[in-house]
Amino acid sequence: MSNIKSLHLSPDSLEVFYFCCDSLPVLNKLLNLSIESDEEKGWQVMPRLLNNSPNLQTLVIKGLVHRVTDKCGDACACICEKERETLCCLSKCRVKVLEISGYGGSRGELKQMRHFLGKLECLEAVRVCVEEDSNYLRANLMTLPRVSSKCDIRFI
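Taking my numbering, the leading residue of the sequence shown gets 5, the next gets one more, and so forth.
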């Protein structure tokens, strides 16, 4: 598993990884991580995956809506700011490209995008595939603060 360069995880796979992989190996060669979200499944394994993928460059997420749990950790914006660790796993993450598909512009999705843009320090490109073409939705995303001065948001 430590030689994997690209990994795609379904919502069920995310949960299996969380419950079965207490000691996830360091994935030094992982460059591309793609996950699918589901409102019935949580993101509990995301902090562990991101922390154990030091060379990850591209993060692809199909749908930001997921089941909120107290174990989502700091990869997610669903927990209170004061409950988050001082050093977020996203701040250590070297992701340069973030791709989001199925973006609908809900309050929760916007909050999650704010979290990503405010924590991913190496981010250079964000590609967002919106569910419906809306100037309001685009404007909301474009006005979010970004920790990376190189970050460019594009809509596809």
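No residue lacks a Cβ here, since even glycine has one placed at the ideal position from N, Cα and C.
If residue i sits next to residue j, beta carbons under 8 Å apart, how far is it from one beta carbon to the other, in whole angstroms?
i      : j      : result
Lys9   : Glu40  : Not quite, the Cβ-Cβ distance comes to about 19 Å (not below 8 Å), so this is no contact.
Lys100 : Leu127 : 6 Å
Lys115 : Cys92  : Not really, about 14 Å apart at Cβ, beyond 8 Å.
Is the beta carbon of residue i less than 8 Å from the beta carbon of residue j?
i      : j      : result
Val30  : Pro58  : yes
Gly112 : Glu135 : no
Thr62  : Leu35  : yes
Met37  : Leu60  : In the sequence on display, residue 37 carries Leu and not Met. Going by C-beta atoms, Leu37 is nearer than 8 Å to Leu60.
Arg118 : Leu148 : yes
Hey, out of the options, whose CA is closest to residue i's CA?
i      : options                       : result
Ser27  : Ser6, Asn36, Lys45            : Ser6
Leu102 : Leu121, Leu13, Leu18          : Leu121
Gly109 : Ser138, His119, Glu125        : Ser138
Glu43  : Leu53, Asp16, Leu11, Glu125   : Asp16
Asn32  : Cys133, Leu53, Val49          : Leu53
Ala143 : Val132, Val151, Ser153, His12 : Val132
Val20  : Val49, His12, Ser153          : Val49
According to the neighbour-count rule (16 or more other Cβ atoms, all chains shown, within 10 Å of its Cβ), is residue i buried or exposed?
i      : result
Met146 : exposed
Ile160 : exposed
Val130 : buried
Cys155 : buried
Tyr22  : buried
Cys97  : buried
Lys86  : Any reading at Lys86 must be qualified, since the residue scores a pLDDT of 49, below 50, and its modelled position is unreliable; the value itself is stated next. The residue in question, Lys86, is exposed, as its Cβ has fewer than 16 Cβ neighbours within 10 Å.
Asn56  : buried
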